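Take a look at the structure below.
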Amino acid sequence: MTRLFIHGIGTCAIGADEPFGEGTTALEDVPIKGYAKPAVRRRYGRVTRMIYIAAARAIEDAGIEDPSTLCVVSATAMGEVKVSLNLLAQIKETGGSPISPSLVPNSVHNAPAGHLTIGLKNRRPSVTVSQGWLCAEAAIAAAEDLLLSGAGDAALVVIGDEADPAWIDRLEGAGASGWARDLSGQRFQEGGAALVLSLNPSDRFRGSLEARVERGGDERVMEIAGRTPGAEVRLRQGAGASTLAEALPAAAIDGPGSGTSQLGAISVLLERLKDTSCGEFLLIGREVDEIGWLHWAR
Amino acid sequence: MNAAAADAASFEEALRSPDRIFVPSARHELSIEVTVGEAPEERFADHDHGELDNPTGRLCLTAARECAAMVADAGTFDGLVLGTSTGGQSMNESTVFSLLESVDPGEFNYRRQGCMAAPTRLVARDLDIMGPVQTVSTACTSSANAIAMAAAWVRSGKCKRVLAGGGDALCKTTICSFKALDLTGPDMCTPFAEDRPGLTLGEGAGFLALEPLDEVLASGREPLAVLAGFGMSSDAHHMTAPPEDGYGARAAMELALADAGLAAGDVTHINAHGTGTRLNDAAEAIAIAGLFPASLPVASCKGLIGHTLGGAGGLEAVASVLSVRSRTAFENLGASTPAQECPITLVGPGGVELSEAPIVMSNSFAFGGNNCSLIFSGVPR
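Protein chains in written order, with the working numbering: chain A, 392 to 689; chain B, 6 to 386.
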């Protein structure tokens, strides 16, 4: 395992200082003005805007003057939901043609990363990963892979998802399962988060972390937990890990209301960073057949 | 698994003796007429899970099982990286359409059937892969990037045996989206041709089993080929169009060469992205011409199998391995004379015999300006 050092953090509509959005909150435009022209910005979907705002804040937080030197890892569970639903509604209405071509490039999962690399004039390697509610863990793991491959001196990791309450209500009302608007009390909410990570410390770093998403059962979680004796262990309720509470009876469980379940890992990270008494924690989430974990040390 | 072949052996036969297999799309019940490359419908009698309602999952599982069977004597995989741009979109489409009609959508589990990681979960569970899993979704570079990421896992020691690749099934969203962008032509695609009408969509999946070379050789097994290097880059130019001079594509190729420790003159064949669209083909050809000797044989598989989107990188990696194994550059079906703006040498009918030490580059480029090049070579003696 290779630990990554946290040099910058940025968020949009996530964390205790900001209200959690539910797909209806107007997003501010300020942080992205320096990166892309207004005509270009108008084409961004909601996830792209949230990710962009978070990225701009993380870049500023890290004190990076030239973001074109960063390799980019983006992660989103569902992508631009409203764009995709609009596209499908047009296909349904027209039978396939015409549909608005402007929707198409924003409907792919790597649309936020594409817009970000264009705006940052960044020609470095970029990957987009999507591992359900474990997107944050998957993205940090991918950043480790890219950095070890020499893709850049540092990685900009961005994670984001949007909520469309009307559609989720409609799906749940129709009995479609698995949408997880309410996972044991956690509201399905939206947000964007960004981290600037590198293999080396600097005077700005705020601890180091490692993360993985693995397919495995409870016994595998115990192995992971056993590798970090003494670390505070938290289970991500939003990502289904509350079912592990019996296997790990001493663990605290992150409560509801900490952003989207996809972004729950970043929410917990931000919360623990503020607690100066916390020197290390292991955060575990579970998503269908996979275990995701994130280990942070000050 | 693709429109021309149901397994790797028949894929090689199809590449050697290519035939046009594109058909009018009827499966998707759309009002538009589009020619596509449809893969044969697979059935799985040993499964009764809802995940198999997802056609991308079925395609990926078919190819993944074939790959796993080829290396079954070496044990199980300890990692999976799967690239896809559609994931469970077919399932999402049918659910959303039902709701738009106020019809009961029936059983639908987003996390197992609809999400981007649904095919990954299906393959991992079916092959009982315990260890790191990752779903890469970078549009048409998805499975090429998945192979590159898997190579990084093997190099770093994260895993010993990784299943890597990916796939995409045709769905209404992709058919209508490419039509809306005016990228699909009325006729079959002819990559790099003067009068190329646009791309032909296809579907399929392709996977490779990646292991450390020294350990495979030490175990006495014979690897099919060596993944010598990879390179990834971003255009930072436009969401759906490449820069005219193909600088992003060139950067990915240069990074792959550097990663493999090779010079441009060492490469014996390029399996091009070659979608058959005016802008993509010209940009890629200019990038190739600026880096490689003019006589280097270049071909695209897409005249045979269509553009399989997120599956293209995986399938074309398989085609590249087949080229290395057979020391053959397969025909660029649809055109043997390039357009004026594509200053490259295309592989004509019958293919081209490669040298004793073939080195094949496989290119993949995508929306968002995402680029990935892979380099395959023979096994060092």
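Backbone N, C-alpha and C define an ideal beta-carbon position, used for all residues, glycine too.
Fair warning: this is a prediction, and the values are worked out from it, not measured in the lab.
Q | Per-residue DSSP class, three states only, for residue 509 of chain A | A | helix
Q. With distances taken from CA atoms, which of B:168, B:236, B:324, B:384 is nearest residue 7 of chain B?
A. B:324
Q.
Any beta carbon of chain A sitting closer than 9 Å to that of residue 285 of chain B?
A. no
(Q) Taking only three categories from DSSP, how would you classify residue 102 of chain B? (A) helix
Q: Give me the Cβ distance between residue 88 of chain B and residue 151 of chain B, rounded to the nearest whole Å; I'm assuming they're in contact under 8 Å.
A: 4 Å
(Q) Run through chain B and tell me which residues come within less than 7 Å of residue 495 of chain A, C-beta to C-beta. (A) 182, 185, 186
Q) How is residue 401 of chain B classed by DSSP in three states: helix, strand or coil? A) Residue 401 of chain B lies beyond the range of chain B shown here (6 to 386); nothing can be said about it.
Q. Quick one, which of B:95, B:159, B:267, B:22 has its alpha-carbon nearest residue 113 of chain B's?
A. B:95
Q) Nearest-angstrom Cα distance between residue 502 of chain A and residue 463 of chain A? A) 13 Å
Q. What is the rounded straight-line gap between the Cα of residue 82 of chain B and the Cα of residue 235 of chain B?
A. 22 Å
**Q.** Close Cβ partners of residue 340 of chain B (< 7 Å) along its chain, the five nearest in sequence each way excluded
**A.** 195, 196, 197, 198, 351
Q | Continuous beta strand (DSSP E) assignments of at least 3 residues falling wholly in the stretch 188 to 276 of chain B | A | 209 to 215, 231 to 239
Q: State the DSSP-derived secondary structure class of residue 552 of chain A, mapped to helix, strand or coil.
A: strand
(Q) 9 Å is my cut-off, CB to CB: does residue 501 of chain A come that close to chain B? (A) yes
**Q.** Whole-angstrom distance between residue 287 of chain B and residue 249 of chain B, CA atom to CA atom
**A.** 7 Å
Q: Anything in chain B within Cβ reach of residue 547 of chain A, meaning under 8 Å, just list it in chain order.
A: Per Cβ cutoff of 8 Å: no residues; residue 547 of chain A is ~12 Å from chain B at best.
(Q) Could you compute how far the alpha carbon of residue 595 of chain A sits from the alpha carbon of residue 396 of chain A? (A) 9 Å
Q: Closer than 9 Å, Cβ to Cβ, to anything on chain B: give me those residues from the stretch 478 to 489 of chain A, in chain order.
A: 478, 479, 480, 481, 482, 483, 484, 485, 486, 487, 488, 489
Q. Beta carbon of residue 203 of chain B, beta carbon of residue 496 of chain A: below 9 Å?
A. no
Q) What residue does the alpha helix (DSSP H) around residue 431 of chain A start on, and which one ends it? A) 429 to 432
Q.
Does residue 345 of chain B pass the burial test, meaning 16 or more other C-beta atoms within 10 Å, or should it be called exposed?
A. exposed
Q) When the Cα atoms are used, what is the spatial distance from residue 224 of chain B to residue 442 of chain A? A) 47 Å
Q. If you run the structure through DSSP and keep just helix, strand and coil, what is residue 182 of chain B?
A. helix
**Q.** Stretch-stretch touch, CB-based, cutoff 8 Å, three pairs: the stretch 158 to 174 of chain B with the stretch 238 to 254 of chain B
**A.** no
Q) Going straight from the alpha carbon of residue 267 of chain B to that of residue 380 of chain B, what length do you get? A) 10 Å
Q | Euclidean distance between Cα positions of residue 227 of chain B and residue 289 of chain B | A | 34 Å
Q) How many angstroms separate the CA atom of residue 557 of chain A from the CA atom of residue 43 of chain B? A) 35 Å
Q: Along the alpha helix (DSSP H) that carries residue 75 of chain B, what are the first and last residues, could you check?
A: 60 to 75
Q. Under 9 Å between C-beta atoms, does residue 35 of chain B make it to chain A?
A. yes
**Q.** Whole-number beta carbon distance between residue 507 of chain A and residue 446 of chain A, since they are thought to touch under 8 Å
**A.** 6 Å
Q: Measure the C-alpha to C-alpha separation of residue 647 of chain A and residue 260 of chain B and round it to an integer number of angstroms.
A: Since pLDDT at residue 647 of chain A reaches only 49, below the 50 mark, its modelled position is unreliable, and no value is offered.
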